[in-house]
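Asker:
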Amino acid sequence: MKFSPSQILIIGFISVILIGAIILSLPFSSSNYSYTNFIDALFTATSSVCVTGLIVVNTAAHWSVFGKIIIMMLIQIGGLGYMTLATLFAIVIGKQVSLKDRLAFVEGIQTFSFLEIKKFIIYVVKITLIIEFIGALFLSIKWIPEFGLWSGIGYSIFHSISAFCNAGFTTFDLGLIKYLDSINVNLTITTLIIIGGIGFIVLSDLFYYKKTKRLLLHSKIVLKTTFFLIFLGTILIFIFEYSNSGTFKILSLKSKMLASYFQSITTRTAGFNTVDISLLTVPTMILMIAFMFIGASPSGTGGGIKTTTFTTLLASIKAMLKGKKDVSIFRRTIPVEIVQKSYSLFILSIFFIFIITLFLVIIEGKDLIRIVFEVVSAFATCGLSTAVGNPLSLSSLFTPIGKLLIIITMFIGRLGPLTVAIAVIKEDASIKYVFAEEKIAVG
Numbered sequence: 001m002k003f004s005p006s007q008i009l010i011i012g013f014i015s016v017i018l019i020g021a022i023i024l025s026l027p028f029s030s031s032n033y034s035y036t037n038f039i040d041a042l043f044t045a046t047s048s049v050c051v052t053g054l055i056v057v058n059t060a061a062h063w064s065v066f067g068k069i070i071i072m073m074l075i076q077i078g079g080l081g082y083m084t085l086a087t088l089f090a091i092v093i094g095k096q097v098s099l100k101d102r103l104a105f106v107e108g109i110q111t112f113s114f115l116e117i118k119k120f121i122i123y124v125v126k127i128t129l130i131i132e133f134i135g136a137l138f139l140s141i142k143w144i145p146e147f148g149l150w151s152g153i154g155y156s157i158f159h160s161i162s163a164f165c166n167a168g169f170t171t172f173d174l175g176l177i178k179y180l181d182s183i184n185v186n187l188t189i190t191t192l193i194i195i196g197g198i199g200f201i202v203l204s205d206l207f208y209y210k211k212t213k214r215l216l217l218h219s220k221i222v223l224k225t226t227f228f229l230i231f232l233g234t235i236l237i238f239i240f241e242y243s244n245s246g247t248f249k250i251l252s253l254k255s256k257m258l259a260s261y262f263q264s265i266t267t268r269t270a271g272f273n274t275v276d277i278s279l280l281t282v283p284t285m286i287l288m289i290a291f292m293f294i295g296a297s298p299s300g301t302g303g304g305i306k307t308t309t310f311t312t313l314l315a316s317i318k319a320m321l322k323g324k325k326d327v328s329i330f331r332r333t334i335p336v337e338i339v340q341k342s343y344s345l346f347i348l349s350i351f352f353i354f355i356i357t358l359f360l361v362i363i364e365g366k367d368l369i370r371i372v373f374e375v376v377s378a379f380a381t382c383g384l385s386t387a388v389g390n391p392l393s394l395s396s397l398f399t400p401i402g403k404l405l406i407i408i409t410m411f412i413g414r415l416g417p418l419t420v421a422i423a424v425i426k427e428d429a430s431i432k433y434v435f436a437e438e439k440i441a442v443g
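Residue numbering for the sequence shown follows the working numbering, beginning at 1 and increasing consecutively.
#1: For Phe169, which of Cys50, Gly300 and Leu229 has the nearest alpha-carbon?
#2: Only counting the same chain, and skipping five residues up and downstream in sequence, which positions put a Cβ closer than 6 Å to that of Phe248?
#3: Less than 8 Å between the CB atoms is what I'm expecting for Ile77 and Val16, so what's the real figure, rounded?
#4: How about the segment 267-281 and the segment 186-200: do they share at least three Cβ pairs that are nearer than 8 Å?
#5: Which two residues bound the contiguous beta strand (DSSP E) that contains Ser328?
#6: Could you give the first and the last residue of the continuous beta strand (DSSP E) run that contains Thr247?
#7: Is DSSP giving Thr212 helix, strand or coil here?
#8: Kindly indicate the opening and closing residues of the beta strand (DSSP E) around Ile334.
#9: Indicate the three-state DSSP secondary structure (helix, strand or coil) for Ser47 in the structure shown.
#10: With 16 as the cutoff for other CB atoms within 10 Å, does Lys439 come out buried or exposed?
#11: So which of Leu223, Ile55 and Asp40 has the shortest CA-CA distance to Leu384?
#12: Kindly indicate the opening and closing residues of the alpha helix (DSSP H) around Tyr155.
#13: Going by C-alpha distance, which of Ile362, Phe379 and Ile369 is nearest Ile353?
#14: Closest to Phe228 by CA distance: which of Lys403, Thr308, Thr301 and Ser245 is it?
#15: With distances taken from CA atoms, which of Ala60, Ile121 and Phe43 is nearest Gly81?
#16: Once the 5 residues before and after Ser396 are set aside, which same chain residues still bring their CB inside 6 Å of it?
#17: I need the straight-line Cα distance from Ala421 to Ile317, nearest angstrom please.
#18: Quick one: what's got a C-beta closer than 6 Å to Ile144's C-beta in the same chain, skipping five residues either side?
#19: Pairs of beta-carbons, one from the segment 146-160 and one from the segment 286-296, closer than 8 Å: are there three or more?
#20: Between the beta-carbon of Thr357 and the beta-carbon of Ile371, is there less than 8 Å?
#21: Identify whether Ser64 lies in helix, strand or coil by the three-state DSSP scheme.
#22: Can you give the Cα-Cα distance for Ser48 and Asn166, rounded to whole angstroms?
#23: Is it buried or exposed, Thr419, if we count other Cβ atoms within 10 angstroms and call 16 or more buried?
#24: Going by the C-beta, is Phe228 closer than 7 Å to any heavy atom of the ligand ATP?
#25: Could you tell me how far apart the beta carbons of Arg414 and Gly303 are, in whole angstroms, since I believe they sit closer than 8 Å?
#26: Check whether the Cβ atoms of Ile39 and Pro335 sit closer than 8 Å, and answer yes or no.
#27: Does the distance from the C-beta atom of Ala41 to that of Leu74 stay below 8 Å?
#28: Just verifying my parser: in three-state terms, what is the DSSP assignment at Ser377?
#29: For Ser30, does the three-state DSSP call read helix, strand or coil?
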């Protein structure tokens, strides 16, 4: 039986998740050396591999050191992408990477082609390890004096990997709330999130900018959209939360600005928080839902429909309103198939979120906006949650069926609904016909 690249990618992710879930369910993975409920272990493994950060058991208290190391490894595998590590392993042991594996890698990490794939993968792994190491060094400046040498190093490595991979997992009971005023922690974590979120294509493009003196259209879109969303999010969160007694009201102006900046960045796909998400105002929650849905950028470690998709949709709408057939961004025309893919991804994503939300509202009966927030957070692999007075995610209060729906949402959100749809739907190999054109009324 032959598998398509999309199917290989899905099988690879499922295999890693199941292996991780089995290991996490065993006694030595928990702090009290007892078996962990398999659905909770599966949820944690999926959240780790899909770099989401939603949790149904307390990461700090429930898991042993071994369990936390397993979670960290799953995050790293998920952040880099299963096929990236598998292809690197093949290179290391000297095997020839097959064409099918190359195609699967291209889908998994969303690069343009598989030319010079070996060089690119080695570059990806090297830059990842270097950035995570530097991030851990900066965090250790804060945490070694606070927790001691080995614990400080452990916290620093875990959070550096979690931040760069946009996972949002933390080994602190209340997340990063206690570090709301820490410039070191805030700037290090947000910088790692941004670098991981913009993607390896952009990082590579920036690295060679001195030689080429130009950036790819892809890089221009990613960078400008990313920084625009960070700026917009910071301003709006500052305004919406300024007088909120549950979050910003008692904070100094500096702390309000820092918290606004941090939440604006982490919302789009990382899932860390320095304020209690359950106490946010409704306008802020709606803004966060929109930002989570947009997400990070292609070939990055984050989720969502991606910044390039969002910008392409806006450019397409602008072109339509101006009566133009071609969609252009920064004086470059976007191919029709890219525009079609963007619309397909947007519609599939909205439809999937609607269906999952509908089922969860029926099954769980929770507040609608909190359900929508949880579903979009899972789909966008963000990890923020609105569980009231609870360090765990809202999903921890769900029934096993509800948890399974969130697991499916995280999985499809990480791989992308288009990838999953292409893998499931059989390609029509029959003769193609072009039917007569006829107009219909819309709108």
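Glycine included, each C-beta is placed from N, C-alpha and C at the ideal position.
Since the structure is predicted, the reported quantities are computational estimates derived from the model, not experimental observations.
Answerer: According to the structure shown:
#1: Translated into the one-based positions of the sequence shown, residue 169 becomes position 169. Of Cys50, Gly300 and Leu229, the smallest CA-CA separation from Phe169 is found for Cys50.
#2: Sequence index remark: in the sequence shown, residue 248 carries index 248 (1-based). Glu241, Tyr242 and Lys256.
#3: Here the question's residue 77 lines up with position 77 in the sequence shown. Here the question's residue 16 lines up with position 16 in the sequence shown. Confirmed, Cβ separation roughly 6 Å.
#4: yes
#5: Residue 328 sits at position 328 when you count from the first residue of the sequence shown. Unbroken beta strand (DSSP E) run through Ser328: Val327 to Ile329.
#6: Residue mapping note: residue 247 aligns to position 247 of the sequence shown, counting from 1. Note, Thr247: premise wrong, no beta strand (DSSP E); not H, not E.
#7: As a first step, residue 212 is located in the sequence shown; it is residue number 212 there, counting from the start. Three-state DSSP puts Thr212 in a helix.
#8: Taking the sequence shown and counting its residues from 1, the one referred to as residue 334 is at position 334. Here the beta strand (DSSP E) through Ile334 covers Arg332 to Ile334.
#9: To locate residue 47, count along the sequence shown from 1; it is residue 47. Looking at Ser47 - three-state DSSP - the assignment turns out to be helix.
#10: As a position in the sequence shown, residue 439 is number 439, starting the count at 1. Looking at its Cβ environment, which holds fewer than 16 other Cβ atoms inside 10 Å, Lys439 is exposed.
#11: Position 384 of the sequence shown, counted from the start, is the residue given in the question as residue 384. With distances taken between Cα atoms, Leu384 lies closest to Ile55.
#12: On the sequence shown, residue 155 is found 155 positions in, with the first residue counted as 1. Where Tyr155 is concerned, the enclosing alpha helix (DSSP H) stretches over Leu149 to Phe164.
#13: Start at 1 with the first residue of the sequence shown, and residue 353 comes out as number 353. That would be Phe379, whose Cα lies nearest to the Cα of Ile353.
#14: As a position in the sequence shown, residue 228 is number 228, starting the count at 1. Phe228 has its Cα closest to that of Thr308, out of Lys403, Thr308, Thr301 and Ser245.
#15: To locate residue 81, count along the sequence shown from 1; it is residue 81. The candidate whose alpha carbon is nearest that of Gly81 is Ile121.
#16: Position 396 of the sequence shown holds residue 396. Closer than 6 Å at the Cβ level, and outside the excluded window around Ser396, lie Val56.
#17: Locating residue 421 in the sequence shown gives position 421, counting from the first residue. Locating residue 317 in the sequence shown gives position 317, counting from the first residue. Using only the alpha carbons, I get a separation of about 25 Å.
#18: Numbered from 1 along the sequence shown, position 144 holds the residue referred to as residue 144. For Ile144, where only same-chain residues beyond five positions count, the Cβ hits under 6 Å are Gly152.
#19: When C-beta atoms of the segment 146-160 are compared with those of the segment 286-296, fewer than three pairs fall below 8 Å, so the two segments do not count as touching.
#20: Residue 357 sits at position 357 when you count from the first residue of the sequence shown. Residue 371 sits at position 371 when you count from the first residue of the sequence shown. Taking the C-beta atoms as reference points, Ile371 is found nearer than 8 Å to Thr357.
#21: Residue mapping note: residue 64 aligns to position 64 of the sequence shown, counting from 1. The three-state secondary structure of Ser64, taken from DSSP, is coil.
#22: Mapped onto the sequence shown, residue 48 falls at position 48. Mapped onto the sequence shown, residue 166 falls at position 166. Each residue's alpha carbon lies about 10 Å from the other.
#23: As a position in the sequence shown, residue 419 is number 419, starting the count at 1. Thr419 comes out buried.
#24: The ligand ATP is not part of this structure, which contains no ligands at all.
#25: Working through the sequence shown from its first residue, we reach residue 414 at position 414. Working through the sequence shown from its first residue, we reach residue 303 at position 303. Contact flag correct, Cβ pair sits at about 6 Å.
#26: Working through the sequence shown from its first residue, we reach residue 39 at position 39. Working through the sequence shown from its first residue, we reach residue 335 at position 335. The Cβ-Cβ distance between Ile39 and Pro335 does not fall below 8 Å.
#27: If you number the sequence shown from 1, residue 41 lands on position 41. If you number the sequence shown from 1, residue 74 lands on position 74. Against a cut-off of 8 Å, the Cβ pair of Leu74 and Ala41 comes out as no contact.
#28: Reading the sequence shown from its first residue, position 377 is the one you call residue 377. Residue state, collapsed to three classes: helix.
#29: If you number the sequence shown from 1, residue 30 lands on position 30. Ser30 falls in the strand class under three-state DSSP.
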